[in-house]
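Some notes on the structure that comes next.
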Amino acid sequence: MNPLSHRPFVKMNGLGNEILVLDLRADPVEVPPAAARALARPSVLPFDQAMVLYPPRRADTAAFVRILNNDGSLSAACGNGTRCIAALEAERTGTPHVLFESEAGLLDCTVRPDGQVKVDMGAPRLGWRDIPLAHDVGDTASVLVPGFENLGPAVMVSMGNPHAIFFVPDADAMDVEGLGAALEHHPLFPERANISFASLTAPDRILLHVWERGAGRTRACGTAACATGVAAVRTGRTGRAVTVTLPGGPLEIEWRESDGHVLMTGPVEHEFAGTLTPAMLGEAA
1 MNPLSHRPFV KMNGLGNEIL VLDLRADPVE VPPAAARALA RPSVLPFDQA MVLYPPRRAD
61 TAAFVRILNN DGSLSAACGN GTRCIAALEA ERTGTPHVLF ESEAGLLDCT VRPDGQVKVD
121 MGAPRLGWRD IPLAHDVGDT ASVLVPGFEN LGPAVMVSMG NPHAIFFVPD ADAMDVEGLG
181 AALEHHPLFP ERANISFASL TAPDRILLHV WERGAGRTRA CGTAACATGV AAVRTGRTGR
241 AVTVTLPGGP LEIEWRESDG HVLMTGPVEH EFAGTLTPAM LGEAA
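In UniProt numbering, the protein residues as written are 1 to 285.
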């Protein structure tokens, strides 16, 4: 029998970004890529990202978080998923402040009285090696991607995962699926990339559509919203505090000047809870 059988799960979303939460702290087991793909099937538990909680490695954290995309690949960061697990942990402990550890570093979360969750996503990484890119491109705030020069320069940012942001006249008019799928696997991105199309709708407001590596087009992507806020500041388009509106709704993003950290605030929604069954995991047995 699959060792994940009979484990509890919680299904949530952050602005429509579908999140599956598996709390394995009491009895940790690996979640292999095949299991993630089996659970993500449309007839089972379709999700964009799975947040898997493991026992903490540091005494001051609630858990070590491993993040899987719906294709079974790993992601170092997921802003909407982080808000979801912060809300669950705050509800469990009765305290509004939660600290997690992930491959991208520490995730400091606060659940506000109105239910909105603020996450300190840490400092962006802006060097070509840190994003990473395949080679030195000079200024990572203005990169013409070979074969896609007609899109104009992209801004490259890592929020623990690589992002390429294109500022365009009308993000709603972009072929997000076609361009996103092609650009995700471009040779410039050795670890693939999240592809965003952004338009300014006001001096402090941005409209955003995102193609997520390993997940496809999603209704919201927290790290992409953070990366886009950073990109807008780097290119002189906005100040450090912006509202980024995705198909699922708005996120408040601030690139804090005092320490260079990016703060993301937004809602979460509980959908349902249950227990994994052998049938759900059948293709991964």
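Glycine residues also receive a C-beta, built at the ideal position from the N, C-alpha and C atoms.
Here the structure is a predicted model, which means the values were calculated and not measured.
Does DSSP put Thr275 in a helix, in a strand, or in coil?
The residue given as residue 275 occupies position 275 in the sequence shown. Strand, per DSSP.
Buried versus exposed call for Ala231 [16 or more other C-beta atoms within 10 Å across all chains shown]
Within the sequence shown, the letter at position 231 stands for residue 231. Result: buried.
Can you tell which of Gly236, Asp259, Pro267 and Gly229 has the C-alpha that lies nearest to the C-alpha of Ile253?
Residue numbering aside, residue 253 sits at position 253 when the sequence shown is read from its first letter. For the residues Gly236, Asp259, Pro267 and Gly229, the minimum Cα distance to Ile253 belongs to Gly229.
Taking contact to mean at least 3 C-beta pairs separated by less than 8 Å, is the region 186-193 in contact with the region 27-44?
no
Out of curiosity, what's the CA-to-CA distance linking Asp71 and Thr218?
Taking the first residue of the sequence shown as position 1, residue 71 is located at position 71. Taking the first residue of the sequence shown as position 1, residue 218 is located at position 218. Going by the C-alpha atoms only, they are around 14 Å apart.
According to DSSP, simplified to helix, strand and coil, what is Asp114?
Position 114 of the sequence shown, counted from the first residue, corresponds to residue 114. Correct three-state label for Asp114: coil.
Report the three-state DSSP secondary structure of Ala193 (helix, strand or coil).
As a first step, residue 193 must be located in the sequence shown, where it is residue number 193. Coil at Ala193, not helix or strand.
How is the beta strand (DSSP E) around Leu68 delimited, first residue to last?
As a first step, residue 68 must be located in the sequence shown, where it is residue number 68. Residues Phe64 to Asn69.
Please report the straight-line C-alpha distance between Pro32 and Glu103, rounded to a whole angstrom.
On the sequence shown, residue 32 is found 32 positions in, with the first residue counted as 1. On the sequence shown, residue 103 is found 103 positions in, with the first residue counted as 1. Distance between the alpha carbons of Pro32 and Glu103: 17 Å.
Where Ser258 falls, given that 16 or more other Cβ within 10 Å makes a residue buried:
What you label residue 258 is simply residue 258 of the sequence shown in a count that begins at 1. Ser258 comes out exposed.
Taking C-alpha atoms, which residue in Lys11, Leu126, Phe197 and Arg7 lies nearest to Asp172?
The count along the sequence shown starts at 1 and reaches residue 172 at position 172. For the residues Lys11, Leu126, Phe197 and Arg7, the minimum Cα distance to Asp172 belongs to Phe197.
Taking the alpha-carbon positions, what's the Cys226 to Val262 distance?
To locate residue 226, count along the sequence shown from 1; it is residue 226. To locate residue 262, count along the sequence shown from 1; it is residue 262. If I take the Cα positions, the gap works out to 7 Å.
Quick check on Ile19 - is its C-beta less than 8 Å from some C-beta in chain D?
Note that chain D does not occur in the displayed structure, where there is just one protein chain.
Tell me which residues share the same chain as Phe166 and place their Cβ nearer than 6 Å to its Cβ, disregarding the 5 neighbours each side in the sequence.
Locating residue 166 in the sequence shown gives position 166, where the first residue counts as 1. These residues qualify, in order along the chain: Leu151, Ala154 and Phe197.
Taking the alpha-carbon positions, what's the Asn194 to Thr95 distance?
Here the question's residue 194 lines up with position 194 in the sequence shown. Here the question's residue 95 lines up with position 95 in the sequence shown. If you take the alpha carbons of Asn194 and Thr95, they lie about 33 Å apart.
Rank Ala59, Met174 and His97 by C-alpha distance to the C-alpha of Ala86 and give the top, closest one.
Counting from one through the sequence shown, the residue named residue 86 turns up at place 86. The shortest C-alpha separation from Ala86 is found at His97.
Close beta carbons around Pro28, own chain, < 8 Å, minus the five adjacent residues each side:
Counting from one through the sequence shown, the residue named residue 28 turns up at place 28. Taken in chain order, the residues that qualify are Tyr54 and Pro55.
I'd like to know whether the C-beta atoms of Glu91 and Phe64 end up nearer to each other than 8 Å.
Your numbering for residue 91 matches position 91 in the sequence shown. Your numbering for residue 64 matches position 64 in the sequence shown. Not closer than 8 Å, so no.
Alpha carbon of Val143 to alpha carbon of Ala50, nearest angstrom:
In the sequence shown, counting from the first residue as 1, residue 143 sits at position 143. In the sequence shown, counting from the first residue as 1, residue 50 sits at position 50. Their Cα atoms are separated by approximately 32 Å.
From Gly239, Ala273 and Glu30, pick the residue whose C-alpha is nearest to that of Ala202; which is it?
Position 202 of the sequence shown, counted from the start, is the residue given in the question as residue 202. Of the listed residues, the one whose Cα sits closest to Ala202 is Gly239.
Should Pro162 be labelled buried (16 or more other beta-carbon atoms within 10 Å of its own) or exposed?
Within the sequence shown, the letter at position 162 stands for residue 162. Pro162 is buried by the Cβ-count criterion.
Compute the beta-carbon to beta-carbon distance between Leu246 and Leu15, rounded to the nearest angstrom, for a pair I have assumed lies under 8 Å.
As a first step, residue 246 must be located in the sequence shown, where it is residue number 246. As a first step, residue 15 must be located in the sequence shown, where it is residue number 15. Contact flag correct, Cβ pair sits at about 6 Å.
Strictly by DSSP, which residues pair up with residue 327?
Any property of residue 327 remains undetermined from this structure, which presents the chain solely from 1 to 285.
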